[in-house]
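Structure first, then comments.
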Amino acid sequence: MSNLTRRSFLAASASALGLVLSACGSKKETAEAPADAAPIEFTTVQEGKLIVASDLDFPPLDSFEGGVASGFDVDLSNAIGQKLGLEVEYLPPMDFDSIIPMIKQGGKADIGNSAFSITEERKQEIDFTDAYLDSNLGVAVRGDLGIVGGEEAIVKALNASDMTVAVQAGTTGEAWARENLPEANIVPLASVTVCMTGVSTGQYQAFCADLPVIGHQCEVSFKDCKIALEIPTGEQYGIVVSKDNPGLTAAINQALAQLEADGTMAQLKEKWFGAA
Numbered sequence: 273m274s275n276l277t278r279r280s281f282l283a284a285s286a287s288a289l290g291l292v293l294s295a296c297g298s299k300k301e302t303a304e305a306p307a308d309a310a311p312i313e314f315t316t317v318q319e320g321k322l323i324v325a326s327d328l329d330f331p332p333l334d335s336f337e338g339g340v341a342s343g344f345d346v347d348l349s350n351a352i353g354q355k356l357g358l359e360v361e362y363l364p365p366m367d368f369d370s371i372i373p374m375i376k377q378g379g380k381a382d383i384g385n386s387a388f389s390i391t392e393e394r395k396q397e398i399d400f401t402d403a404y405l406d407s408n409l410g411v412a413v414r415g416d417l418g419i420v421g422g423e424e425a426i427v428k429a430l431n432a433s434d435m436t437v438a439v440q441a442g443t444t445g446e447a448w449a450r451e452n453l454p455e456a457n458i459v460p461l462a463s464v465t466v467c468m469t470g471v472s473t474g475q476y477q478a479f480c481a482d483l484p485v486i487g488h489q490c491e492v493s494f495k496d497c498k499i500a501l502e503i504p505t506g507e508q509y510g511i512v513v514s515k516d517n518p519g520l521t522a523a524i525n526q527a528l529a530q531l532e533a534d535g536t537m538a539q540l541k542e543k544w545f546g547a548a
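According to the numbering used here, the sequence shown is numbered sequentially starting from 273.
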């Protein structure tokens, strides 16, 4: 599935909103539409640009090496920018849990694209585009920890006062850990790298996060760790957009549909995950 948004349909109410946003420094843009659809008008922080906020520490979705942003989400942002006729610019890496408040406030970035799982709680603060990727959660441990068994046995072993579980602050991994491991010591941290390093060194017994990411970490960067548990949460990723800019959401949704139809989405999934 695809999901990335931010642009408003031209209508009287949207036009009035555009005047307010323009007064605050936002710039109007118009997305080209298919022959059977009307053009979509939306606003951006800077004219001709799509500015993206991300933590850039969630490989293979996003990362920041040598001062360059890369990953599936980054390629997707660039592909969306091409469809919208905008230059894509990433802000410097920031804490994951600071992105939604920043997008809600407005003025610094147009979208947040950082493997955001679509949740009802987050929808209270911002809008999401259509879903563009499915995901589950997983739990990584060091290979010699000795926790074995099925899901029930592993959860029971981790749910103990002598267990310390790392999570990335503000994520669905943190929410799952707090709900299902109430007896364990849950430690919210800023980045995946810090969490995995702690598991590898024995500082933490486990790390709960999105399955594609911890799988990548165990395979590439922390080979002394393994996935002990796969949690079928059925999450979907969406792009974060301000509720004040519905046109951008509509335009990104249109771009996502085009990327799905022309095969670009399948190519990106093949590139970063090995399969579409």
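Yeah, the Cβ is synthetic: ideal placement off N, Cα and C, and Gly gets one too.
Looking at the DSSP output, Gln489 bridges to nothing. Excluding sequence positions up to five before and after Pro484, its CB lies within less than 8 Å of the CB of Pro332, Leu333, Ser407 and Phe545, all in the same chain and listed in chain order. Excluding its 5 nearest sequence neighbours in each direction, Ala441 has C-beta neighbours in its own chain below 6 Å: Asp369 and Pro460, listed in chain order.
Burial check for Val464: the Cβ neighbour count within 10 Å reaches 16 or more, so the residue is buried. In this structure Tyr362 touches Val324 by the C-beta definition: roughly 5 Å separates them, less than 8 Å. Per DSSP, the beta-bridge partners of Gln508 are Asp406. Cβ neighbours of Ala381 within its own chain (closer than 7 Å, five residues either side excluded): Val317, Ile323, Val324, Ala325, Leu363, Met374 and Ile375. Around Lys321, the same chain offers Leu358, Glu359 and Glu361 as residues with beta carbons nearer than 7 Å, after the five sequence neighbours per side are excluded.
Cβ-Cβ distances below 6 Å link Glu455 to Asn431, Ala432 and Ser433 in the same chain, with the five nearest sequence neighbours on each side left out; the list follows chain order.
Membership of Glu313 in the beta strand (DSSP E) is indicated by the continuous run Ile312 to Thr316.
Here Leu540 is near Asp347, since their CB atoms are less than 8 Å apart. Note that the C-beta distance between Lys498 and Ala412 is below 8 Å. Under a 10 Å Cβ-count criterion, Asp416 is classified as exposed, with fewer than 16 other Cβ atoms of the shown protein chains found around its own Cβ. Setting aside the 5 residues that flank it on each side, Lys515 is surrounded in the same chain by Ile398 and Asp399, each with a C-beta closer than 7 Å to its C-beta; the list follows chain order.
When secondary structure is reduced to three states using DSSP, Phe494 falls in the coil class, being assigned neither helix nor strand. The DSSP-derived three-state label of Thr436 is strand. In the structure shown, the three-state DSSP call for Ala325 is strand. Using a Cβ distance threshold of 8 Å, Phe330 and Ala387 count as a contacting pair. In the displayed model, Glu359 falls within a strand according to three-state DSSP. Shown here, Gly519 sits in a helix according to DSSP, grouped into three states. Straight across, the Cα-Cα distance linking Gly470 with Ala481 is about 14 Å. By the CB criterion at 8 Å, Ile458 and Gly410 fall outside the cutoff. Contact annotation: Ala449 and Val437 have beta-carbon atoms nearer than 8 Å. Residue state for Ser463 is assigned as coil, using DSSP reduced to three classes.
The DSSP-derived three-state label of Lys543 is helix. Here Glu319 carries a coil assignment [DSSP, helix/strand/coil].
Distance from the CA atom of Leu531 to the CA atom of Tyr404, rounded to whole angstroms, is 10 Å.
Boundaries around Ile372 are those of the alpha helix (DSSP H), Ile371 to Gln377, since no beta strand (DSSP E) includes it.
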